[in-house]
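J.: Here it is: the structure, laid out below.
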Amino acid sequence: MTAENELLKTLTVLYVEDDPHIRGTVARFLKRRVAFVYEAQNGKEGLDIYIANEPAIDIVITDIQMPVMDGMAMIEKIQKTGKSQPIIITTAYNDEQHTSDTVCRNIIKPINLEYLAESILYCAREG
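Given below as structure tokens:
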């Protein structure tokens with residue numbers, strides 16, 4: 001096992017995505033590579049999971065456009081907790097409204113799963 005794979009296997013990820021097909025595909029990919037994956041279908045659910053499990057969550061991966069609470073609102077609330085939380089945005093839009101300079105990475109959909117894994121490693125190392 002490579003050092004990268006060993007690092008991935010230690011991580012806990014919160015994955016927030018409203019599209020059930022994308023969420024299922026990406027969550028299956030993540031579950032084969034990381035220690036644990038929390039899944040949420042909107043920002044409110046993601047925030048609730050984050051608050052309940054924050055010390056254990058190493059990386060947050062979130063979509064932006066979602067019902068109930070969008071990803072940007074969730075990110076803002078997570079960042080207000082004061083913890084330096086690595087966050088990866090996944091979005092279909094490549095504009096300022098759907099990306100952020102305050103997160104570790106912005107990934108444009110469709111998601112390249114190998115690039116996502118590389119991004120998780122990068123964000124875990126860079127904090």
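Just so you know, the numbering used here puts 126 at position 126 of the sequence shown, and the rest follows in order with no gaps.
Glycine residues also receive a C-beta, built at the ideal position from the N, C-alpha and C atoms.
By Cβ distance, which residues of its chain are closer than 8 Å to asparagine 5, with the 5 residues on each side in sequence left out?
T.: Your numbering for residue 5 matches position 5 in the sequence shown. Here the set comprises Arg33.
J.: In the structure shown, what three-state DSSP assignment does isoleucine 59 receive?
T.: Taking the sequence shown and counting its residues from 1, the one referred to as residue 59 is at position 59. Isoleucine 59 falls in the strand class under three-state DSSP.
J.: For chain C, is any of its Cβ atoms less than 8 Å away from the one on isoleucine 87?
T.: The structure shown contains no chain C; it holds only a single protein chain.
J.: Taking the beta carbon of aspartate 63 as the centre, do at least 16 other beta carbons fall within 10 Å, making it buried, or is it exposed?
T.: As a working note, residue 63 is residue 63 in the sequence shown. Counting Cβ neighbours within 10 Å, aspartate 63 comes out buried, since at least 16 surround it.
J.: Do leucine 14 and valine 68 have their beta-carbon atoms positioned less than 8 Å apart in this structure?
T.: Residue mapping note: residue 68 aligns to position 68 of the sequence shown, counting from 1. Residue mapping note: residue 14 aligns to position 14 of the sequence shown, counting from 1. No, they are not a contact pair.
J.: Return the CA-CA distance between aspartate 58 and asparagine 42, expressed in angstroms with no decimal places.
T.: Taking the first residue of the sequence shown as position 1, residue 58 is located at position 58. Taking the first residue of the sequence shown as position 1, residue 42 is located at position 42. Their Cα atoms are separated by approximately 19 Å.
J.: CB-CB under 8 Å to tyrosine 153, same chain, minus the five flanking residues each way: which ones, in chain order?
T.: It is not possible to answer for residue 153, since the shown part of the chain is limited to 1 through 127.
J.: Which runs of the beta strand (DSSP E) at least 3 residues long sit entirely within the stretch 22-66? Give them in chain order.
T.: 36-40, 59-63
J.: Among the residues of its own chain, which have a CB less than 6 Å from the CB of isoleucine 120, if the five just before and after it don't count?
T.: Indexing the sequence shown from 1 puts residue 120 at position 120. These residues qualify, in order along the chain: Ile59.
J.: Per DSSP, asparagine 106 forms a beta bridge with which residues?
T.: To locate residue 106, count along the sequence shown from 1; it is residue 106. Ile89, per the DSSP bridge assignment.
J.: Which of helix, strand or coil does DSSP assign to leucine 14?
T.: Here residue 14 refers to the residue found at position 14 of the sequence shown. Leucine 14 sits in a strand when the DSSP states are folded into three classes.
J.: Locate the alpha helix (DSSP H) running through isoleucine 111, then write down its first and last residues.
T.: For the purposes of this step, residue 111 is identified with residue 111 of the sequence shown, where counting begins at 1. Neither: isoleucine 111 is in no alpha helix (DSSP H) and is coded neither H nor E.
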